[in-house]
Structures are given as C-alpha cells and as structure tokens.
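Residue numbers (UniProt numbering): 1 to 495. The block underneath contains the structure these notes are about, expressed in structure tokens.
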Ligand code: HEM
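Below you can see the structure in the form of structure tokens.
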C-alpha cells in the first residue's frame with residue numbers, strides 16, 4: 001500500500017481534547033461509559049462499514065481525524081469488535097505500564113507474525129516471554145556494544161568500498177542491503193557468503209515482501225488457507241523458506257564450533273535462564289529468536305536510514321553541519337564506539353528523523369483480556385487498542401510546529417521540553433524495543449562513516465517523501481545520489 005500523503009512531509013496531527021479525568025480504580029468498568037466516538041447505526045450495516053473502509057484506506061488520516069474530533073481516547077466499532085484509539089502520553093503509559101496485566105499483544109496479529117518468526121520474544125506472552133526476554137537481554141547488555149559496533153563499522157566500510165566506482169547509487173536500496181548484511185553478521189557472526197543461499201540483498205527483498213504480506217493479513221479478520229495458490233502466499237512462503245534456510249544453517253555452523261564465535265547468537269546459544277529454570281535455549285527457540293531479531297532490526301533500521309538521507313540531503317545547511325561535526329570529532333581516523341556520544345548533532349538528527357517517520361508508525365495492537373478502565377472510560381475485553389507514534393509525534397501540543405524538521409528539538413537545552421512519553425519510536429513499557437541501545441549506536445556509526453567517506457550530490461526525485469506503509473513505514477521511492485570520495489582512509493578488509 002503506497003500512499004502519497006503529500007509532496008513534502010505528510011500531515012500534522014491536529015490538537016486533540018483531553019479525555020475524562022481518571023476515576024477511582026475501584027469503579028467497576030461496566031458502570032463507566034464507552035469512550036466517545038462515531039456512532040454506528042448498526043454493527044453489520046451502515047456506518048461501521050464506512051468507518052472500516054476509511055480506517056483501512058488511510059489509517060493515519062482516520063486516527064488523526066478521530067483524535068481531533070473526540071479526544072485522546074476514543075472508540076468505534078469495527079465489525080463486532082470495539083477499537084480504542086489512544087493518543088496521549090499519559091493514557092499510553094496508563095495502559096502499557098500501569099495496567100499492563102490487563103492486556104496482551106493482539107492474538108490475531110501474533111498468529112500472522114508467527115508464520116515468519118515462530119514463537120519468539122516478539123510473539124510470545126506470559127512465562128515464555130518473561131524467560132526469553134531475560135535470556136535475550138544478556139545479548140544486548142552494554143558491555144557487548146563495542147563488539148557489535150566493530151562488526152557494524154567493518155561491514156559498512158567494506159560494503160561501501162565499491163560506491164565510488166559506481167558513480168550513482170540509490171541510498172534507500174543500499175541502506176536495506178547494508179542493514180541486512182550488518183544484521184546477519186551482528187546476529188550470527190558469520191559472513192553471509194559462508195552461510196550460503198540468498199545474498200543479503202535477496203534476503204532483504206524476500207523478508208520485506210513476506211513481512212509486507214503478513215502486515216496486510218494482520219489488518220483483516222481472515223487469513224487465506226495455505227493451500228490457495230495466491231501470489232501473496234507464494235511471496236510469504238519464499239520469505240519463510242529464505243529465512244529458515246539461512247538461520248538453520250547458521251545455527252548448525254555454530255553448534256559445530258561453539259567456542260569460535262562471540263556475537264549475539266553465541267550469547268543466545270550459551271545463555272541459561274539463571275533466575276528461572278537454569279536451562280538454555282533449544283535449537284527451535286534459537287531459530288525463532290534469531291529470525292525475530294534479524295527481521296526486527298533490518299526492517300526498522302533501514303527505514304530510518306532511508307528517511308535520514310532524504311531529509312538531510314534536502315537541507316544543505318544541515319548536511320554541512322553534520323559533515324563538519326564528523327570531521328571535527330573524527331579527524332582522519334575511523335569512527336569507534338567511543339565516538340558515539342560526541343556525535344551530538346548526528347544523534348539529534350536521527351532522533352528527529354524517527355519523530356517524523358517512526359518506522360513502527362503503529363505499535364502492535366493490544367487486546368484487553370478482561371473488562372477494564374482507561375482515562376475514566378470503560379474498555380471491553382477482546383477489544384483492539386490502537387496507538388500510533390506517527391500521530392502522537394506530530395501533535396502540536398507536544399512538538400510545536402510539528403511538520404518542521406528540526407533536529408535541535410533534541411539538543412541538551414531543549415530535549416527536556418518534550419513531555420515525558422510523547423516521543424516513543426521504540427515503544428513504551430515492558431515490551432519496549434530490546435535493540436534500542438544497539439540501534440542508537442549503530443545508526444550514528446553507519447551515517448558518520450558515510451558522511452566521512454563520501455560527498456553525496458542528490459539527483460532528481462531524492463526528496464519524494466511518498467511512504468510505503470506495511471510492517472514499517474519506509475520510503476516508497478529511491479534516493480538517487482552521485483557519490484564522490486572525500487577521504488583518504490584505506491579500505492578495510494573483511495573479517
Ligand atoms: C530504528 C530502529 C528500531 C526501531 C524504531 C524499533 C522499534 C520497535 C518497537 C516500537 C517495538 C515495540 C513494539 C510494540 O510495543 O508494539 C520493538 C520491539 C522489538 N524490537 Fe525493535 N526497533 C528498532 C531496532 C531494533 C533492533 C536493532 C533490534 C535487534 C537487534 C530490535 C529488536 C526488537 C525486538 C526483539 C522487539 C520485541 C521486544 C518484546 O516484545 O519484548 N529492534 N522495536
């Protein structure tokens with residue numbers, strides 16, 4: 001679904017009204033009113049269908065419109081289900097943190113995702129999720145970040161070595177292939193050529209297609225049976241087979257030679273759940289977690305990088321400021337993990353990119369497992385909770401002049417003005433992105449390497465901000481640039 005929002009940045013959310021004050025926790029939910037929202041004449045005919053159509057055709061516009069008309073918490077009937085739209089930081093915190101035991105990730109969305117990533121950290125609930133999160137957390141601890149940084153830098157430097165002779169490249173495509181390469185090496189510690197099978201480009205394309213297909217299925221109540229020979233089922237199967245072959249082969253290589261590797265998968269395969277059953281991970285569980293991490297990281301990181309270049313190259317002053325910062329911090333040496341905190345303007349620019357274009361433009365839906373209350377309203381068991389960082393990030397109450405691309409919003413002097421919880425590209429609460437710290441190290445290192453090595457001259461069409469929205473919101477059009485080398489650093493050798 002490619003949607004032209006507008007020629008430049010898309011649409012600002014309009015200010016919304018506050019919901020009711022929170023009532024006593026002891027008030028039974030059935031005594032409370034439903035949140036305001038469009039009235040349905042009948043849930044099988046009439047307005048419900050119109051709303052469903054509007055919602056599916058343009059969810060961002062529809063959710064923004066509802067927020068403006070009905071407030072920070074509103075609801076509408078979607079077929080037989082009541083959907084709840086939550087827009088304010090306080091209410092998002094209330095349902096994702098304070099009342100988290102009342103909700104699970106929506107089972108109809110997880111059922112679709114499980115086809116690709118199995119029963120891993122992303123799709124599980126309850127004790128299994130707690131155990132897996134505890135184990136996987138060990139692979140994301142701060143002490144390992146310098147090691148992952150080294151892999152990120154080496155892969156970037158080797159991969160972009162050929163750009164100079166290419167003359168012109170498409171930064172959107174290149175970022176997708178680069179991120180898949182980095183994710184494979186950070187996660188499995190193995191050069192993709194050694195694993196064999198599809199190249200990072202092919203794997204990235206297959207996964208994007210498969211994930212897009214699944215994201216489409218997540219929005220409809222019926223999943224087509226596997227035996228139907230639909231083109232969409234074939235695309236999905238291709239993605240599943242590609243990722244399966246890749247990950248199984250990587251685990252095989254690793255189990256055969258467990259002491260050679262020191263990467264994310266090594267930590268996963270060696271880790272035991274010390275606080276729980278004291279056991280490690282089965283191969284099946286390791287497959288599911290590796291596939292989850294590969295997909296979760298490559299997809300959202302490449303989107304962020306694609307938008308970053310489109311936004312920065314359209315602002316020559318900002319581009320010069322970033323190049324100047326990179327040159328000042330790095331001089332003529334290569335970046336390292338220790339440089340990340342010094343790349344302040346670059347980090348601010350990446351944060352501002354994720355404000356306007358949060359890859360996870362909508363959080364995975366949550367479903368209340370019992371009748372509960374939120375913001376003084378009744379929330380019914382089995383409903384559909386919808387929260388969109390895209391909408392909250394463009395709300396002028398939290399971000400004045402929301403459509404202005406202004407990296408200085410995140411400067412040390414101004415960042416404190418952003419209301420707590422209004423900026424959440426990595427989600428919120430206990431299921432916040434596990435790769436957040438890693439992402440905020442990898443993104444500046446990759447962009448600093450490219451800014452240091454090359455001068456990019458944008459070509460016609462680079463600033464087309466048309467969005468492609470499926471699992472992540474990513475650029476639908478290329479970012480063509482002419483590339484000239486600007487530094488004398490020697491090329492790195494592959495590990
Ligand atoms: C720009 C980069 C990234 C963005 C914007 C992002 C965004 C998110 C968001 C919003 C969620 C929570 C979704 C929800 O609550 O519904 C999430 C979860 C997750 N992310 Fe990321 N992510 C990024 C990078 C990464 C990386 C680099 C990794 C791993 C290497 C990763 C692994 C995961 C995993 C495993 C989860 C599921 C956590 C759980 O359910 O407990 N992400 N991400």
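Glycine residues also receive a C-beta, built at the ideal position from the N, C-alpha and C atoms.
Assigned exposure category for residue i - 16 Cβ within 10 Å defines buried
i	result
residue 4	Confidence is the limiting factor: at residue 4 the pLDDT is only 34, short of 50, which leaves the residue's position unreliable and the question unanswerable from this model.
residue 413	exposed
residue 289	buried
residue 79	exposed
residue 143	exposed
residue 396	exposed
residue 236	buried
residue 7	The predicted position of residue 7 is uncertain, since its pLDDT is 36 and thus under 50; a value taken from the coordinates is nonetheless stated next. Counting Cβ neighbours within 10 Å, residue 7 comes out exposed, since fewer than 16 surround it.
residue 490	The pLDDT assigned to residue 490 is 48, lower than 50, so where the model puts this residue is not dependable, and the model offers no usable value.
residue 402	buried
residue 310	buried
residue 119	buried
residue 230	exposed
residue 174	buried
residue 477	buried
residue 57	exposed
residue 205	buried
residue 187	buried
residue 25	exposed
residue 102	buried
residue 112	buried
residue 436	exposed
residue 203	buried
residue 483	buried
residue 485	exposed
residue 141	exposed
residue 283	exposed
For residue i, the residue or residues it bridges with in DSSP
i	result
residue 168	482
residue 77	82
residue 367	104
residue 184	In the DSSP output, where bridge partners are listed per residue, residue 184 has none listed.
residue 32	The partner list for residue 32 (beta bridge, DSSP) is empty, contrary to what the question assumes.
residue 502	The structure shown does not extend to residue 502, since the chain is modelled only from 1 to 495, so the question has no answer here.
residue 457	482
residue 440	Note: residue 440 sits in no beta bridge, so no partner.
residue 386	85
Nearest-angstrom Cβ-Cβ length linking residue i and residue j, presumed shorter than 8 angstroms
i	j	result
residue 472	residue 360	7 angstroms
residue 451	residue 247	Their Cβ separation, rounded to whole angstroms, is 33 angstroms, which puts residue 451 and residue 247 out of contact at 8 angstroms.
residue 445	residue 340	7 angstroms
residue 505	residue 480	Any question about residue 505 goes unanswered here, given that the chain covers just 1 to 495.
residue 432	residue 145	So it is not a contact: roughly 17 angstroms between Cβ atoms.
residue 239	residue 210	2 angstroms
residue 177	residue 201	4 angstroms
residue 115	residue 124	Wrong, their Cβ atoms sit about 15 angstroms apart, outside the cutoff.
residue 510	residue 250	No information on residue 510 is available, as it lies outside the stretch 1 to 495 that the chain covers here.
residue 74	residue 35	5 angstroms
residue 298	residue 207	7 angstroms
residue 345	residue 363	At roughly 29 angstroms, the Cβ-Cβ gap does not stay under 8 angstroms, so residue 345 and residue 363 are not in contact.
residue 453	residue 160	7 angstroms
residue 301	residue 448	Wrong, their Cβ atoms sit about 15 angstroms apart, outside the cutoff.
heavy atom of ligand 3 below 8 angstroms from residue i C-beta
i	result
residue 215	Here the bound small molecules are ligand 1; ligand 3 is not part of this structure.
- Message: If contact is defined by three or more beta carbon pairs under 8 angstroms, each pair taking one atom from either stretch, is the stretch 374-387 in contact with the stretch 86-99?
- Response: yes
- Message: Taking 8 angstroms as the cut-off, does the stretch 403-419 touch the stretch 345-356 (at least 3 CB pairs, one atom from each stretch)?
- Response: yes
- Query: Below 8 angstroms, can you find three or more Cβ-Cβ pairs linking the stretch 318-337 to the stretch 365-379?
  - Reply: no
- Message: Check whether the stretch 148-159 and the stretch 180-189 touch, using three or more Cβ-Cβ pairs below 8 angstroms as the test.
- Response: yes
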